[in-house]
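Working notes for the structure below.
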Amino acid sequence: MALKTGALLAILGVGIVGVYMLMTLPQFLNVAPKPVVAHVQLVNNCPLRESAFRVQDLATGKITAFSGGYARVNTVNTHYLTLSLAKKYEDVVFSGTPVRVTENMKLTADCQTSEKENATFQSLRNSLGGQ
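Converting from the sequence shown to our numbering requires adding 21 to each position, the first position being numbered 1.
Written out as structure tokens, the structure reads:
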């Protein structure tokens, strides 16, 4: 009898904790916007100089230059940053991957095209009657 009562109390305790966790779960899922200074390191795998790249805050459009491979961006922790090219390269298309802001982060500039991409483009050229 004591074993059944103990088991019942344990199940009841686990149930209460479970209900509490479910009720407070939305607080953990919602991130409150907070100002942050993001220290962004540039990993440059391109044949371009560091001065060709900028960090752009996608929410505000603010652009920050790199100095010594690093940039300090005053932003908000719910924003996303991406790499962009300096204005003097406006005829070149570079699409950086957006990354959610953290205090210390790395953004990689990779200008290499993979063999798979080259094969895909060659296939498209062939199917469209190109060279």
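Glycine included, every Cβ here is placed at the ideal spot set by N, Cα and C.
Reference residue i, options the options, closest by Cα
i: V76; options: F87, V58, V113; result: F87
i: N66; options: F74, A59, H60; result: F74
i: T85; options: S116, F115, K108, D112; result: K108
i: N95; options: E111, T26, F115, N125; result: N125
i: V64; options: G117, R121, N147; result: G117
i: D78; options: C132, V120, L69; result: V120
i: L102; options: L69, G82, E71; result: G82
i: T99; options: A53, I32, T26; result: A53
i: A80; options: K55, V97, V61; result: V97
Exposure of residue i, with buried meaning 16 or more beta-carbon neighbours within 10 Å
i: T123; result: exposed
i: V113; result: exposed
i: V58; result: exposed
**Study point:** Secondary structure, beta strand (DSSP E): runs of 3+ residues fully inside the region 82-147
**Key:** 84-86, 91-97, 101-106, 125-131
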